[in-house]
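Structure first, commentary second.
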Amino acid sequence: MRSYTVAALVLVTPFLAGSVALAQERTPAPAGAGVYIISPKNGAIVHNPVLVQFGLKGMGVAPAGTKYDNTGHHHLLIDTDPPSDLSTPLPATDKIVHFGKGQTETTLNLTPGKHTLQMVLADANHIPHSPPVISQKITITVKL
């Protein structure tokens, strides 16, 4: 019985070690890289649909799953903060919107009132770069 337990541990250990290493690997971002929101501007009063345009400097845009140095794709955070653990893929939720086809703008229909928007660039696997390429958070007000 013990030999089976030891054999199982020997077989499982490389897989566990590999998965731990993968969860911590992050794609490097070049010095000076930045992502930002072109439109709307911080403090803007807008009406639906809201056009949000994404800007990027020092890097290029590539669709999710595409691995090229110094590239990534956009994620828009709506009324939320970036996750505390940036070593894992960003989840796709109603507050973290993925643009895995390489899109650089979108239109949103938001409820009336104040909202925050923030961009995060992530690699082919939706994992934020190291150091993270995250925009300043902006606040907009949606009017009827």
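In the working numbering, the protein residues as written are 97 to 240. Using N, Cα and C, we set each Cβ at its ideal position, and we do this for glycine too. Computed from a predicted structure; not experimentally measured.
CB contact flag (residue i, residue j, <8 angstroms)
i, j, result
"Ala158", "Leu186", "no"
"Gly130", "Val229", "yes"
"Thr203", "Leu240", "no"
"His170", "Gln214", "no"
"Thr212", "Val238", "no"
"Lys153", "Leu173", "no"
"Pro126", "Ser226", "no"
Bridge partner(s) assigned by DSSP for residue i
i, result
"Glu201", "Gln149"
"His211", "Ile236"
Buried versus exposed call for residue i [16 or more other C-beta atoms within 10 Å across all chains shown]
i, result
"Gly168", "buried"
"Ile133", "buried"
"Thr235", "exposed"
"Pro224", "buried"
"His143", "exposed"
Simplified DSSP state of residue i, which is helix, strand or coil
i, result
"Gly168", "strand"
"Pro178", "coil"
"Ile141", "strand"
"Ala129", "coil"
"Thr187", "Residue 187 is actually Pro in this sequence, not Thr. Residue state, collapsed to three classes: coil."
"His225", "strand"
"Ala220", "coil"
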